[in-house]
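Residue 2 is where the sequence shown starts when you use our numbering, and the numbers rise one by one after that.
Just so it is clear, CB atoms sit at the ideal spot from N, CA and C, and this is done for glycine as well.
Nothing here was measured: the structure is a model prediction, and the numbers come from that model.
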Amino acid sequence: MAQDKSWLIFDGRNNPPIPDYNGPDYRFPIDLAEYVISRFCSEGGTVLDPFAGFGTSFLAARALNRKCYGFEKDPKTYETALKIIGDKPETFINDSIQNVENHGLEKADLIFTSPPYASFRGTQNDPEEIYFKDFEEIFLKLKNILKPTGKLVVEIANVHDNRGALPLAFIAALTLRKHYKFEYEIINCAAGNTDDGEHYDHSYILVFSA
């Protein structure tokens, strides 16, 4: 599949509001989700978002006539996502993606997600070695439910927190490359103000094949 451009601009201000929520909005733009899903998954195909959060992938997939499976382990985030989605799809699961084998899902044409940047275990910032141990284990498990012709697309940024400046996106790319075929990256440039803060005006859309 030919690549159009190496950078694109998406506007998170087009996302629907989050009801009864006063915290920062770290969702990727729904425009980005629609771009990725329409580009890498044919109509009628199946999308999996292992870290579904407030359900942006669900909204995009539904608008594009794709089936979407999603996991969100935090009960409060899950319940809020249901308000945004507007119903309770059986394919939106309140569980950790680490338990994916317990749910008998069909294989996906596209796995598209933005993983947690701090920890897969809680809200703390895990040391780099723990974070990437969990990262690799999860994405290796996900390969078992991706079709042989499928794509993995990960939206991720480098981070600046109490661990210092961490090239999260770059290490993630090298880690995933052990198990998937790296194809290319697209730079996602944020339009307008975001809640992400300094250093977070862009991210990387990493594209892999199974």
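inquiry  = If contacts are defined as beta-carbon pairs under 8 Å, then Leu111 and Phe41 qualify, I think. What distance do you get, rounded to the angstrom?
reply    = Position 110 of the sequence shown holds residue 111. Position 40 of the sequence shown holds residue 41. Yes, they are in contact, since the Cβ atoms of Leu111 and Phe41 sit about 5 Å apart, within 8 Å.
Own chain residues within Cβ distance below 6 Å of Val208, not counting five before or after = Along the sequence shown, read from residue 1 onward, the residue named residue 208 stands at position 207. Once the five neighbours on either side are set aside, the close Cβ partners of Val208 are Val154, Glu184 and Tyr185.
ask   = Can you tell me the Cα-Cα spacing of Ile131 and Gly165, whole angstroms?
value = Residue 131 sits at position 130 when you count from the first residue of the sequence shown. Residue 165 sits at position 164 when you count from the first residue of the sequence shown. When rounded, the distance between both Cα atoms is 16 Å.
ask   = At which residues does the alpha helix (DSSP H) containing Gly34 begin and terminate?
value = Translated into the one-based positions of the sequence shown, residue 34 becomes position 33. The sequence given here has Ala at residue 34, not Gly. Where Ala34 is concerned, the enclosing alpha helix (DSSP H) stretches over Ile31 to Phe41.
request  = Have a look at the DSSP bridge pairing and note the partners of Thr78.
outcome  = Indexing the sequence shown from 1 puts residue 78 at position 77. In the DSSP output, where bridge partners are listed per residue, Thr78 has none listed.
Residues bridged to Asn189 (per DSSP) = Counted from its first residue, the sequence shown places residue 189 at position 188. Asn189 pairs with Leu9 and Ser204.
key: Cα-Cα separation between Asn163 and Gly45, rounded to whole angstroms   = The residue labelled residue 163 in the question sits at position 162 within the sequence shown. The residue labelled residue 45 in the question sits at position 44 within the sequence shown. Asn163 and Gly45: Cα-Cα distance of roughly 43 Å.
ask   = Any idea what DSSP makes of Ala62, helix, strand or coil?
value = Taking the first residue of the sequence shown as position 1, residue 62 is located at position 61. If DSSP states are grouped into helix, strand and coil, Ala62 belongs with the helices.
task = Indicate whether Lys68 and Thr47 have their beta-carbon atoms separated by less than 8 Å.
result = In the sequence shown, residue 68 corresponds to position 67, counting from 1. In the sequence shown, residue 47 corresponds to position 46, counting from 1. Yes; because the gap between Cβ atoms is below 8 Å, this pair is in contact.
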